[in-house]
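K.L.:
Sequence lines, in order, name chains R and W. Count the first sequence with the working numbering and you get residues 6 to 313, in order. Count the second sequence with the working numbering and you get residues 6 to 313, in order. Mind looking over this structure? Questions follow.
There are 2 protein chains.
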Amino acid sequence: MIKKLIQEIQKKNAPIVVGLDPQLGFLPEKLLKASMEESGESLEAVAGAILAFNKAIIDATYDLIPAVKPQIAMYEQFGIPGLVAYKETVDYCHKKGLVVIGDIKRGDIGSTSSAYALAHLGKVKVGKKSFAPFDEDFATVNPYLGSDGVKPFVDVCKENDKGIFVLVKTSNPSSGEFQDQKIDGVPLYEKVAAMVEEWGEDTREGQYSNVGAVVGATYPKMGEELRKKMPHTFILVPGYGAQGGKGEDLAGFFDKDGLGAIVNSSRGIIAAYKKEEYKKFGEEQFAQASRAAVEDMLTDIRTALERR
Amino acid sequence: MIKKLIQEIQKKNAPIVVGLDPQLGFLPEKLLKASMEESGESLEAVAGAILAFNKAIIDATYDLIPAVKPQIAMYEQFGIPGLVAYKETVDYCHKKGLVVIGDIKRGDIGSTSSAYALAHLGKVKVGKKSFAPFDEDFATVNPYLGSDGVKPFVDVCKENDKGIFVLVKTSNPSSGEFQDQKIDGVPLYEKVAAMVEEWGEDTREGQYSNVGAVVGATYPKMGEELRKKMPHTFILVPGYGAQGGKGEDLAGFFDKDGLGAIVNSSRGIIAAYKKEEYKKFGEEQFAQASRAAVEDMLTDIRTALERR
Chain R
6 MIKKLIQEIQ
16 KKNAPIVVGL
26 DPQLGFLPEK
36 LLKASMEESG
46 ESLEAVAGAI
56 LAFNKAIIDA
66 TYDLIPAVKP
76 QIAMYEQFGI
86 PGLVAYKETV
96 DYCHKKGLVV
106 IGDIKRGDIG
116 STSSAYALAH
126 LGKVKVGKKS
136 FAPFDEDFAT
146 VNPYLGSDGV
156 KPFVDVCKEN
166 DKGIFVLVKT
176 SNPSSGEFQD
186 QKIDGVPLYE
196 KVAAMVEEWG
206 EDTREGQYSN
216 VGAVVGATYP
226 KMGEELRKKM
236 PHTFILVPGY
246 GAQGGKGEDL
256 AGFFDKDGLG
266 AIVNSSRGII
276 AAYKKEEYKK
286 FGEEQFAQAS
296 RAAVEDMLTD
306 IRTALERR
Chain W
6 MIKKLIQEIQ
16 KKNAPIVVGL
26 DPQLGFLPEK
36 LLKASMEESG
46 ESLEAVAGAI
56 LAFNKAIIDA
66 TYDLIPAVKP
76 QIAMYEQFGI
86 PGLVAYKETV
96 DYCHKKGLVV
106 IGDIKRGDIG
116 STSSAYALAH
126 LGKVKVGKKS
136 FAPFDEDFAT
146 VNPYLGSDGV
156 KPFVDVCKEN
166 DKGIFVLVKT
176 SNPSSGEFQD
186 QKIDGVPLYE
196 KVAAMVEEWG
206 EDTREGQYSN
216 VGAVVGATYP
226 KMGEELRKKM
236 PHTFILVPGY
246 GAQGGKGEDL
256 AGFFDKDGLG
266 AIVNSSRGII
276 AAYKKEEYKK
286 FGEEQFAQAS
296 RAAVEDMLTD
306 IRTALERR
């Protein structure tokens, strides 16, 4: 699956991913109102509005981008109807030819991690039929439980040509509380990084393996070092835009060919119409504002890569 | 909420929780067949069988136990229908007066952790109405992202009188890979334990706070030490039974009053009818086998506590 992601990135010259993290406050009033008129003040109404919102943004941007990253928490908060909208978003993105990175940050032990892996990247058998319950292409995984927690995901990836991104150094301000703690002089996140290289070893498709890493855009120096220490690990980089990461900070996350990393922006793209610079589009044209924000992000990152 | 959990434990003299982690292989054939006759070979059929299985076990054991711990991964693997069965299980347990610990192991940054917290322990507003999407009483939380990842859960707990259990030292064999690594001579899990005490500080209801910890039954010495180091932290103890933990190993997890911990058994209870010692019940009487297994577990743990 990493091969497919890289091909799509090259085809579109776009090492970026759009984070589909719809919050209630991001939805244009008109959209929510229309959905409530149909389904009342209900979780179903919100879920319907989220799906319409996502589809409009996907329609306006899919030709520019290789991948999307829906954040499942933003759907889970609206219960079952929210999760139905998540699944429908995944399916819609597949129809548009996009690679889908499920930002699910799951992780447990043995058979429980297997269950999560099957849910999101695999298939379950019922009698003679088999079902792919959520069917993302990649999923993010939390490593705190160690190898027993991660390997079941790797096994399911191998069987189904899928991939994962393991949390190594997250983008949030307090990520250092545990991740930066030094063990024999080496920060914990580097220990995790070394394990990520190992977990991915027999899933390589060319330079990179199907076991990637999450490293926040907000920590560019660490990103640069980790790029060197994980030569076979593709990096998913959250934290661009709203969280403070800029294109010029990100050059170090990429390899000499301008590959090896994919940068995510969520709010900065999907809620672009609320920002001063895209206000001219107005609420009506929210999806066009998202397209303009994608174009600007692409220019920012391409320029940073050319200037190296 | 921790106050309610403790009251229920005392009322039933039962510091145990039944893990509702239904796997396909645990379901009696007859139950699955009946459900398939109704809904075909489908995820809905499995979900229907799971719900019937859970209800039978709950009916047969609820008078003996204070709480249940459904493992959401085991439902998520059956997609949306599986998650509907999860939610219906939570609701059914509430009707029977049980405390529900959602074993969800979620954790993310800022607004995303808030979304998970609202999904499982809080309420979301839609227009003038509000909804509690999954409505568990406690949830398990992964601490790898640090305080920004955990505090949104604590905030939602305060507003809704709910609680969490943060992963400190998990029960699996490779939990030590990261959790036991020493930082200035202190293992990571103790650093996390110290933070758990801090996160819980203003959520205390008597001795214990609404921020608990997960410490595996498979590491009894660490449990004993952590009991002393986290005087205000209730411990959820997985790993009893199938994973190898025994009653005699667990005395150290409890305080001098025999409180401060609650021991989980999943497979050992819900799939008891498959074990040699309960075979006499047969598949037909699977729920009665579960009741017998609960009684034996209670005797084992009560004896261990009396012998101290």
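Idealized CB from N, CA, C, for every residue including glycine. Quick caveat: nothing in here was measured; it's all calculated off a predicted structure.
Could you name the residues of the stretch 232 to 260 of chain R whose beta carbon sits closer than 7 angstroms to any beta carbon of chain W, in the order they occur along the chain?
P.N.:
The stretch 232 to 260 of chain R vs chain W, Cβ under 7 angstroms: nothing.
K.L.:
Who are the neighbours of S176 of chain W on chain R, taking C-beta pairs under 8 angstroms?
P.N.:
Within chain R, the residues near S176 of chain W are I114.
K.L.:
Could you give the residue range of the alpha helix (DSSP H) that holds G168 of chain R?
P.N.:
Taken as a continuous stretch (DSSP letters only), G168 of chain R belongs to no alpha helix (DSSP H), being part of the beta strand (DSSP E) at 168 to 174.
K.L.:
Whose CA, out of W:A65, W:E34, W:G205, lies closest to the CA of K156 of chain W?
P.N.:
The residue with the shortest Cα to Cα distance from K156 of chain W is W:G205.
K.L.:
Strictly by DSSP, which residues pair up with Q12 of chain W?
P.N.:
Per DSSP, none; premise fails for Q12 of chain W.
K.L.:
Please confirm whether Y149 of chain W has its beta-carbon closer than 9 angstroms to some beta-carbon of chain R.
P.N.:
Judged by the 9 angstroms Cβ criterion, Y149 of chain W is in contact with chain R.
K.L.:
Return the chain-ordered ranges of every beta strand (DSSP E) run that is complete within the stretch 91 to 143 of chain W and spans a minimum of 3 residues.
P.N.:
Those beta strand (DSSP E) runs which fall completely within the stretch 91 to 143 of chain W and span 3+ residues are 104 to 111, 129 to 131, 134 to 136.
K.L.:
In the DSSP assignment, find the unbroken alpha helix (DSSP H) run with I274 of chain W in it and report its ends.
P.N.:
Looking at the DSSP string, the run of the alpha helix (DSSP H) that includes I274 of chain W is 272 to 275.
K.L.:
Leaving aside the five residues before and after G257 of chain W along the sequence, list all residues of the same chain whose C-beta is less than 7 angstroms from its C-beta, in chain order.
P.N.:
Excluding positions up to five away in sequence, the list reads P225, G228, E229, R232.
K.L.:
Examine chain R for any beta-carbon lying closer than 9 angstroms to the beta-carbon of R111 of chain W, and answer yes or no.
P.N.:
Taking Cβ atoms only, chain R reaches closer than 9 angstroms to R111 of chain W, which makes this a yes.
K.L.:
Looking at C-beta atoms only, is the number of pairs between the stretch 123 to 143 of chain W and the stretch 160 to 178 of chain R that lie closer than 8 angstroms three or more?
P.N.:
The stretch 123 to 143 of chain W, when compared against the stretch 160 to 178 of chain R, does not touch it at the 8 angstroms Cβ threshold.
K.L.:
Measuring CB to CB, does E195 of chain R end up less than 9 angstroms from H237 of chain R?
P.N.:
Not closer than 9 angstroms, so no.
K.L.:
When DSSP builds the beta bridges, which residues end up paired with T145 of chain W?
P.N.:
W:F170.
K.L.:
Assuming the contact rule is C-beta atoms closer than 8 angstroms, L32 of chain W and N59 of chain W should be a hit. Round their C-beta distance to whole Å, please.
P.N.:
L32 of chain W to N59 of chain W, Cβ: 10 angstroms. No contact.
K.L.:
Residues of the stretch 149 to 167 of chain R in Cβ contact with chain W at a cutoff of 8 angstroms, in chain order, please.
P.N.:
Of all residues in the stretch 149 to 167 of chain R, Y149, L150, G151, S152, D153, G154 have a Cβ within less than 8 angstroms of some Cβ in chain W.
K.L.:
What distance in whole Å lies between the Cβ atoms of L241 of chain R and G217 of chain R, which are believed to be in contact at a cut-off of 8 angstroms?
P.N.:
Rounded, the Cβ-Cβ distance is 6 angstroms, consistent with contact.
K.L.:
For Q82 of chain R, does the count of other Cβ atoms within 10 angstroms reach 16, so buried, or fall short, so exposed?
P.N.:
Buried, because 16 or more other Cβ atoms sit within 10 Å of the Cβ of Q82 of chain R.
K.L.:
How about M227 of chain R: is its C-beta nearer than 9 angstroms to some C-beta of chain W?
P.N.:
Cβ-Cβ to chain W under 9 angstroms: no for M227 of chain R.
K.L.:
DSSP puts E210 of chain W in a beta bridge; with which residues?
P.N.:
Per DSSP, W:Y213.
K.L.:
Check L303 of chain W in the structure and name its three-state DSSP category.
P.N.:
Three-state result, L303 of chain W: helix.
K.L.:
Taking just the CA atoms, how far does A90 of chain R sit from K187 of chain W?
P.N.:
Answer to the nearest angstrom: the Cα atoms are 43 angstroms apart.
K.L.:
Using only the alpha-carbon positions, how far apart do D113 of chain R and R111 of chain W sit?
P.N.:
Distance between the alpha carbons of D113 of chain R and R111 of chain W: 10 angstroms.
K.L.:
At a CB distance below 9 angstroms, what residues from the stretch 177 to 197 of chain R approach chain W? Give them in sequence order.
P.N.:
Residues N177, P178, S179, S180, G181, E182, F183, Q184, Q186, K187, I188, D189, L193, K196, V197.
K.L.:
Helix, strand or coil for F236 of chain R? Go by DSSP, reduced to three states.
P.N.:
First, the residue type needs correcting, since residue 236 of chain R is Pro and not Phe in the sequence shown. P236 of chain R: coil per DSSP, three-state reduction.
K.L.:
Can you pull out the residues from the stretch 32 to 66 of chain W whose beta carbon lies closer than 7 angstroms to at least one beta carbon of chain R?
P.N.:
Those residues of the stretch 32 to 66 of chain W that come within reach of chain R (Cβ to Cβ, closer than 7 angstroms) are M41, E46, S47, L48, A50, V51.
K.L.:
Using only CA atoms, which one of R:T223, R:E289, R:A277 lies nearest to E300 of chain R?
P.N.:
Checking every option, the nearest Cα to that of E300 of chain R belongs to R:A277.
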